[in-house]
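Chemist:
In full-length UniProt numbering, the protein residues as written are 1 to 290.
1. Give me, in chain order, the residues of the same chain whose beta-carbon lies closer than 8 Å to that of residue 137; leave out the 5 immediate sequence neighbours on both sides.
2. Quick check on residue 177: buried or exposed, where buried means 16 or more other Cβ atoms within 10 Å of its Cβ?
3. Using the C-alpha atoms, what's the distance from residue 22 back to residue 254?
4. Give the straight-line distance between the Cα atoms of residue 84 and residue 210, rounded to the nearest whole angstrom.
5. With a 10 Å radius around its C-beta and 16 neighbouring C-beta atoms as the bar for buried, classify residue 284 as buried or exposed.
6. Could you give the uninterrupted runs of the alpha helix (DSSP H) lying entirely in the UniProt domain "SIS" (130-271), keeping only those of 4 residues or more?
7. Going by alpha carbons, who is nearest to residue 128 out of 160, 33 and 233?
8. Under 6 Å Cβ to Cβ from residue 68, same chain only, skipping five residues before and after it: list those, please.
9. Which value, in whole angstroms, describes the spacing of the CA atoms of residue 87 and residue 218?
10. Assuming residue 179 and residue 206 form a contact by the criterion Cβ under 8 Å, report the distance between their Cβ atoms to the nearest whole angstrom.
11. Note the first and the last residue of the continuous alpha helix (DSSP H) segment covering residue 65.
12. Can you tell me whether residue 270 is buried or exposed, with buried defined as 16 or more other CB within 10 angstroms of its CB?
13. Check whether the Cβ atoms of residue 140 and residue 166 sit closer than 8 Å, and answer yes or no.
14. Under the three-state reduction of DSSP, which class applies to residue 96: helix, strand or coil?
15. Can you tell me which of the three DSSP states residue 58 falls into?
16. Can you say whether residue 173 is buried or exposed, counting buried as having 16 or more other CB atoms within 10 angstroms of its CB?
17. For the alpha helix (DSSP H) holding residue 294, just list the boundary residues, first then last.
18. Residue 31: buried (16+ other C-beta within 10 angstroms of its C-beta) or exposed?
19. Taking the C-alpha atoms as reference points, what is the distance between residue 104 and residue 256?
20. Under the three-state reduction of DSSP, which class applies to residue 73: helix, strand or coil?
21. Whose C-alpha, out of 34, 14, 95 and 54, is nearest the C-alpha of residue 81?
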């Protein structure tokens, strides 16, 4: 069995909850029982032994150790330390009235406190390669389906507005047709939170069959889509609680990372981007009413 994350270098800046969220889909049922138990009571897990966790989850102690190793830790003691560090890093929640606006403020502040974690599992080389490919590609096709569809459309518009003309096709079959007409000089960028959308998988397969480079932005380290990708950008979750990202799908982290990537691409484009942005401002100004 392969280790999802390197146990020799667990990366203390990556919270255990983020590690779990990005690899949970690859875990065995017994391993999922262990991580779900940990997430249900993080403070309790910090105080428990591997055997106590095994007894509570109804699995063997060896399953607990194997789960820790799948997450990139040598064993349960290392996971306990990482959990304690995550608990200590959490900011005290603000107290707002239990009104609609109060709950909105609480949610936004909780989200803001965890935002640094969304880039914690990004790989430097993968991000650099994605930017280089985007800048140098002949054509760029961006696709997304379901909740990822608006993100794909937004990314295409943003890239085009900074001087990197980008295509976005909304129809799933149209996406496959467009991907099949790309060449090795082009780029196909697929946005898919789950990495398992059949429509997005078909686009990636069409692109690979055409010899095009496929870049994916997703929420999981391993998925059917990342298996097809030349470059995979994995975005960590950002939520107000340990379980929130598992229970409520959010595309906020993806939107933030994509917006930041556009700025990096614009910087690499240099004068070309500045000229295009100037013309974009002229267009926007002409379309504003008094």
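All C-beta atoms in this analysis are idealised placements derived from N, C-alpha and C, irrespective of residue type, glycine included.
Modeler: Walking through what the data contain:
1. 185, 186, 187 and 213
2. It counts as exposed.
3. 13 Å
4. 48 Å
5. Answer is exposed; the Cβ neighbour count stays below 16.
6. 149-161, 172-180, 198-209, 224-228, 244-247 and 252-269, all fully within the UniProt domain "SIS" (130-271).
7. 233
8. 75, 76 and 79
9. 26 Å
10. 4 Å
11. 61-70
12. exposed
13. yes
14. coil
15. coil
16. exposed
17. In the structure as shown, the chain starts at 1 and stops at 290, and residue 294 therefore has no counterpart that could be examined.
18. buried
19. 19 Å
20. DSSP places residue 73 in coil when its eight states are reduced to three.
21. 14
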